[in-house]
Amino acid sequence: MILWKDTMLKIQRSANGKVVFTLSGRIEAEDVAELQRLFDLESAGHRVALDLKDVTLADRDAVKFLLSCEEHGIHLDNSPPYIREWIERERKTKHSDEGLIGHKRSVRKRRD
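Under this note's numbering, the first residue of the sequence shown is numbered 2, with each subsequent residue one higher.
Given below as structure tokens:
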């Protein structure tokens, strides 16, 4: 399966023990829904991986999606260093934000 879009993301699917989607070009916010749809079409029993070696550009929505993929057991192969670093920064931000949920600080007005 090969999909070309105006944003120039190419998606190739291959299977040999696991399903691998090889991505080439740019991953942008509008591509996330299509990638999710492709993942949803795979049966639950298949291991899924994304090969990112030919990804040239990713926006923040795409990076957040890639982080979510990893958190749901989808392996990211050949991730460019800048994408890997960005994913790790998003992971730290997400976990620090989650730590704040439910920990409201009590602020008392000082009476003089």
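Backbone N, C-alpha and C define an ideal beta-carbon position, used for all residues, glycine too.
Hey, how far is the Cα of residue i from the Cα of residue j?
| i | j | result |
| --- | --- | --- |
| Val108 | Glu91 | Annotation note: pLDDT 49 at Val108 (below 50); position unreliable, coordinate value reported separately. For Val108 and Glu91, the distance between alpha carbons rounds to 29 Å. |
| Gly18 | Glu31 | 29 Å |
| Trp5 | His76 | Unreliable placement is indicated for Trp5, whose pLDDT of 48 sits below 50; no coordinate value is reported for it. |
| Arg106 | Glu99 | In this prediction, Arg106 scores a pLDDT of 49, lower than 50, which makes its location untrustworthy; no coordinate-derived value is stated. |
| Arg14 | Leu42 | 12 Å |
Give the DSSP bridge partners of residue i, in chain order.
| i | result |
| --- | --- |
| Ser97 | Beta-bridge pairing links Ser97 to no other residue. |
| Thr57 | Paired residue(s): none; Thr57 is not in a bridge. |
| Ala16 | Val20 |
So, is residue i buried or exposed, given that buried needs 16 or more other C-beta atoms within 10 angstroms?
| i | result |
| --- | --- |
| Thr57 | exposed |
| Ser80 | buried |
| Thr94 | exposed |
| Ala63 | buried |
| Lys65 | buried |
I'd like the span of the alpha helix (DSSP H) that includes residue i, first residue to last.
| i | result |
| --- | --- |
| Arg27 | Arg27 -> not in any alpha helix (DSSP H); beta strand (DSSP E) instead, spanning 20-28. |
In terms of residues, what are the limits of the beta strand (DSSP E) holding residue i?
| i | result |
| --- | --- |
| Ala45 | That residue, Ala45, is in no beta strand (DSSP E); it is neither H nor E in DSSP. |
Practice task
Pick out the complete beta strand (DSSP E) segments inside the region 72-96, 3 residues or longer, and give them in chain order.
Solution key: Whole beta strand (DSSP E) segments, 3+ residues: 76-78.
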